[in-house]
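Q: This is the structure I want to talk about, given as C-alpha cells.
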Amino acid sequence: KGQTVNHTVPRRVVPVGQEIYRMTNEAMHRFHRDSAGRLMLHYYSQILAGAGLLAVPLLEAIIEQLESACAKEEGRQLSVLRKSLAWQRTMGGMRL
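Heads up, the sequence shown is in our numbering, so the first residue is 8 and it goes up one at a time.
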C-alpha cells in the first residue's frame, strides 16, 4: 500500500530462466488502480504494439481477471476493450 503504480515500459528485460511469482488477485487489482481508485490499463497499447501474436490473448486474460472486481461502469469499459480485441483477432487474420 502507498506505492505508486507505473504502467510504462520497464528499464530492464527479465532474463531467461529468471524466477518469477504470480501476484495475488488483490495485488493485481491494486496494480490496476490509480491513486483515486479508478481502473487503469496504461500499458494496453504497448502490449498491442509489441507483443505480437501473444498480445490479444494476454490482454483478454488480464481483462477477465479484472472483471470480477470491477464496478458496473468499469465492467462496461472492459467489455468494450474485449470486443475491440475480438475484432482485432478477426481482422488480424485477414489480408486486405
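Built from N, CA and C at the ideal position, the CB exists for glycine as well.
Kindly confirm or deny that the segment 91-99 and the segment 59-67 touch, where touching means at least three C-beta pairs closer than 8 Å.
A: Segments in contact, yes.
Q: Between I27 and L73, what straight-line distance do the alpha-carbon atoms span, to the nearest angstrom?
A: Mapped onto the sequence shown, residue 27 falls at position 20. Mapped onto the sequence shown, residue 73 falls at position 66. Approximately 21 Å between the Cα atoms of the pair.
Q: Tell me which residues share the same chain as Q95 and place their Cβ nearer than 8 Å to its Cβ, disregarding the 5 neighbours each side in the sequence.
A: Looking up residue 95 in the sequence shown gives position 88. Same-chain partners within the cutoff: L55, V63.
Q: Going by Cα to Cα distance, which pick from Y50, V87, R37 is closest to P17?
A: By 1-based counting over the sequence shown, the position of residue 17 is 10. Nearest Cα to P17 within the set Y50, V87, R37: Y50.
Q: In this structure, does DSSP put L48 in helix, strand or coil?
A: In the sequence shown, residue 48 corresponds to position 41, counting from 1. Here L48 sits in coil by DSSP.
Q: Excluding the five sequence neighbours on either side, which residues of its own chain have a C-beta within less than 6 Å of the C-beta of A106, listed in chain order?
A: Outside the shown range of the chain, which is 8 to 103, sits residue 106, and nothing can be said about it.
Q: Could you give the distance in angstroms between the alpha-carbon of R45 and the alpha-carbon of V21?
A: In the sequence shown, residue 45 corresponds to position 38, counting from 1. In the sequence shown, residue 21 corresponds to position 14, counting from 1. Cα-Cα distance, rounded: 28 Å.
Q: Quick one: grab the DSSP three-state call for R40.
A: Position 33 of the sequence shown holds residue 40. Of the three classes helix, strand and coil, the one that applies to R40 here is strand, per DSSP.
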